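Peer 1:
There are 2 protein chains.
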Amino acid sequence: MTSPEKIWTAGLIVIGDEILSGRTQDKNIAQVATWLQVQGIRLAEVRVVPDVEARIVEAVNALTLAYDYLFTTGGIGPTHDDITVDAVAAALGVPVVIHPEARALLERYYETRGGLNEGRLRMARVPEGSELIPNRMSGAPGIRRGNLFLMAGVPHITAGMLDALTGQLEGGAPLLSETLGCWVAESEVAELLRQTEAAHATCQIGSYPFFREGRVGANFVIRSVSAEDLKACSDSLTDGLTGNGHAVTPGGI
Amino acid sequence: MTSPEKIWTAGLIVIGDEILSGRTQDKNIAQVATWLQVQGIRLAEVRVVPDVEARIVEAVNALTLAYDYLFTTGGIGPTHDDITVDAVAAALGVPVVIHPEARALLERYYETRGGLNEGRLRMARVPEGSELIPNRMSGAPGIRRGNLFLMAGVPHITAGMLDALTGQLEGGAPLLSETLGCWVAESEVAELLRQTEAAHATCQIGSYPFFREGRVGANFVIRSVSAEDLKACSDSLTDGLTGNGHAVTPGGI
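Following this line, the structure appears as structure tokens:
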């Protein structure tokens, strides 16, 4: 059952020293955000925390309370720095158990790859009461416990897990958006943007300036859950920009 | 004066609906993190929050308390959705004022670009008691107030502001790192990694697996503030890996 009035929200915790050291450029925030939009769920906050149990526990507790869904990426692999399962179990106050189906999956996967060892068996550990999220890319599954989703850190593995979850989560009306591109300095039309947004209550207008081909321009992204309001706001902004002598490129530049 | 014992820490708040919607791939986390490492400051937490004043205030309050430095990116432009200055001033309990030097900078910059209007003048607004961070790329400066740094959302503008701050902040010994690459499944050597880390108290070992050219491999990143400990740990891990029949590529694969 979908409830069009309710705005469904999610938090995301990106776990990993490699992101905080700058060694790895995060790609999961954008892909989780984009996927959530399609499910009718709004990503409301992201926290990036180190591989330190107390810090993960703190973030899980804060974001579980604040949002409908919570996703984590990173820290579910086989090595000693993969502590997401332990931290989440501690936050929830449940023990860590070996999931029999995950163990069977890993036994099959590693049958021709040197067999299951202690490190590999770590990937069958879950907070008690969890189910598995399929992983077509490598042996180790993701973990779902109610509205909490523990996913891989490697982006293409996370992508496969999100794919497996598509359509499984209750969401609201997806946030629609329309982009208008314009070769104008955003500072020149700031007042027009403000007035147009104020005149269309369900719409937000974001302004994203750029400098390209030696000229300044901006894309104005209008967002609304109502297709009708979105069109009215987009028409009104187009009129305002063209009325000021600026050509508008629908879909953005 | 540098204090080698103290670990200097920073928080980062990435402000912007465009990141949370997935429309824009964030690049500031990695560049701020990398820059901080060189200053001897550790990025300890990142929060991504929407363009909503209450949410920015909450994040500023939490991270100001927790870390030595706080950086923000985004929301200091000329449009109605640029509310970082107002939110930070509210969090600090100080008024927003026009900074005379910023106003003069903007007047000069826009002299040949259509003149200063209300939107553009927004970029001269700062929380009372702030100084400016030079911006060589476009007119609007960044803002520094004590250990709080408000920077642009557009990555190349932020890069210029970080450049202007290089060497200005007190930090500790920079965290050193060494990377060892190996064509091995990390799950095969998980126990070796755990034991090696445990035997070198000041070192952390991160394991970053990959799948490339049809084979699995991993880069093991050892981090320490002590060059000596780093070398001992790296040598010990190299011995362990080669002893198990795995060739090691110094510097990573």
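Each protein sequence line maps, in turn, to chains E and B. For the first sequence, the UniProt record's numbering begins at 1 and goes up steadily by one. For the second sequence, the UniProt record's numbering begins at 1 and goes up steadily by one. All residues carry an ideal CB built from backbone N, CA and C; glycine is no exception. As the structure is a prediction and not an experimental result, all values here were calculated from the model.
(1) How would you label residue 111 of chain E, buried or exposed, when you count the other beta carbons within 10 angstroms and need 16 or more for buried?
(2) Just how far apart, CA to CA, sit residue 218 of chain B and residue 159 of chain B?
(3) Compare the C-alpha of residue 36 of chain E against each of E:175, E:190 and E:180 and name the closest.
(4) Relative to the C-alpha of residue 90 of chain E, which candidate in E:57, E:165 and E:81 has its C-alpha closest?
(5) How is the beta strand (DSSP E) around residue 223 of chain E delimited, first residue to last?
(6) Ignoring anything shorter than 4 residues, give me the alpha helix (DSSP H) runs that lie fully in the region 79 to 133 of chain E, in order along the chain.
(7) Measure the alpha-carbon distance for residue 1 of chain E versus residue 96 of chain E and round it to whole angstroms.
(8) Quick check on the burial criterion: 16 or more other C-beta atoms within 10 angstroms. Buried or exposed for residue 39 of chain B?
(9) Between residue 180 of chain B and chain E, is there a C-beta pair that is closer than 9 angstroms?
(10) Give the interface partners of residue 30 of chain E over in chain B, defined as CB-CB distance under 8 angstroms, in chain order.
(11) Measuring CA to CA, which of B:26, B:74, B:173 and B:220 is closest to residue 249 of chain B?
(12) In or out: residue 28 of chain E buried (at least 16 other Cβ within 10 Å) or exposed?
(13) For residue 243 of chain E, go through chain B and note every residue whose CB falls closer than 7 angstroms to its CB, in chain order.
(14) Is residue 245 of chain E helix, strand or coil by DSSP?
(15) With a threshold of 16 other CB atoms inside 10 Å of the CB of residue 100 of chain E, please say whether the residue is buried or exposed.
(16) Alpha carbon to alpha carbon, how far is residue 22 of chain E from residue 227 of chain E? Give it in angstroms, no decimals.
(17) Assign residue 10 of chain E to buried or exposed, taking buried as 16 or more other Cβ atoms, counted over all protein chains shown, within 10 Å of its Cβ.
(18) Among residues of its own chain, excluding the 5 on either side of residue 31 of chain E, which ones have a beta-carbon nearer than 8 angstroms to its beta-carbon?
(19) Can you have a look at residue 148 of chain B and say buried or exposed, based on whether 16 or more other CB atoms are within 10 angstroms of its CB?
(20) At a Cβ threshold of 9 angstroms, is residue 135 of chain E touching chain B?
(21) On the DSSP letters alone, give me the boundaries of the alpha helix (DSSP H) that residue 35 of chain B sits inside.
(22) Mind checking whether residue 83 of chain B and residue 118 of chain B have CB atoms under 9 angstroms apart?
(23) In the DSSP assignment, what residue or residues form a beta bridge with residue 67 of chain E?
(24) Excluding the 5 residues preceding and the 5 following residue 70 of chain E in the sequence, name in chain order all residues of the same chain whose CB lies nearer than 6 angstroms to its CB.
(25) Based on DSSP bridge pairs, tell me the residues matched to residue 8 of chain E.
(26) Is it buried or exposed, residue 134 of chain E, if we count other Cβ atoms within 10 angstroms and call 16 or more buried?
(27) Could you spell out where the beta strand (DSSP E) holding residue 179 of chain E opens and where it closes?
(28) Are the beta-carbon atoms belonging to residue 187 of chain B and residue 24 of chain E less than 9 angstroms from one another?
(29) Quick one: using the 10 Å Cβ neighbour count with 16 as the cut-off for buried, is residue 3 of chain B buried or exposed?
(30) Got a sec, what are the start and stop residues for the beta strand (DSSP E) residue 168 of chain E sits in?
(31) Once you ignore the five residues that flank residue 216 of chain B on each side, which residues in its own chain have a CB closer than 6 angstroms to its CB?
(32) Tell me, please, whether the CB atom of residue 123 of chain E is closer than 9 angstroms to any CB atom in chain B?
(33) Looking only at its chain, what residues have a beta carbon closer than 8 angstroms to the beta carbon of residue 242 of chain E, apart from the 5 residues adjacent to it on each side?
(34) What would DSSP say about residue 236 of chain E, mapped onto helix, strand or coil?
(35) Does residue 61 of chain E come within less than 9 angstroms of chain B when only Cβ atoms are used?
(36) If we ignore side chains and look at the alpha-carbon of each, how far apart do residue 173 of chain B and residue 116 of chain B end up?
Peer 2: Well, looking at it:
(1) Classification of residue 111 of chain E: exposed, given that the 10 Å Cβ count is below 16.
(2) Approximately 30 angstroms between the Cα atoms of the pair.
(3) Per the C-alpha coordinates, the member of E:175, E:190 and E:180 positioned closest to residue 36 of chain E is E:175.
(4) Of E:57, E:165 and E:81, the residue nearest in Cα terms is E:57.
(5) 215 to 224
(6) 84 to 92, 100 to 110 and 118 to 121
(7) Note on residue 1 of chain E: pLDDT 43, under 50, position unreliable in the model; no value is reported.
(8) buried
(9) It does not; no Cβ of chain E falls within 9 angstroms.
(10) 19, 22, 24, 25 and 26
(11) B:220
(12) buried
(13) Ordered by position in chain B, no residue passes the 7 angstroms Cβ test against residue 243 of chain E, which lies about 17 angstroms from the chain.
(14) Three-state DSSP puts residue 245 of chain E in coil, outside helix and strand.
(15) Residue burial is scored here from C-beta neighbours: residue 100 of chain E has fewer than 16 other C-beta atoms within 10 angstroms and is therefore classed as exposed.
(16) 40 angstroms
(17) It counts as buried.
(18) Annotation for residue 31 of chain E: 155, 158, 159 and 162 place their beta carbon closer than 8 angstroms to its own, counting only its chain and skipping 5 residues before and after.
(19) buried
(20) no
(21) 28 to 39
(22) no
(23) Note: residue 67 of chain E sits in no beta bridge, so no partner.
(24) 11, 63, 64 and 148
(25) E:41
(26) exposed
(27) 176 to 182
(28) no
(29) At residue 3 of chain B the pLDDT is 45, less than 50, meaning the model places this residue with poor confidence and gives no usable figure here.
(30) Segment: none, residue 168 of chain E is in no beta strand (DSSP E) and carries neither H nor E.
(31) 185
(32) yes
(33) Cβ within range, chain order: 248.
(34) helix
(35) no
(36) 44 angstroms
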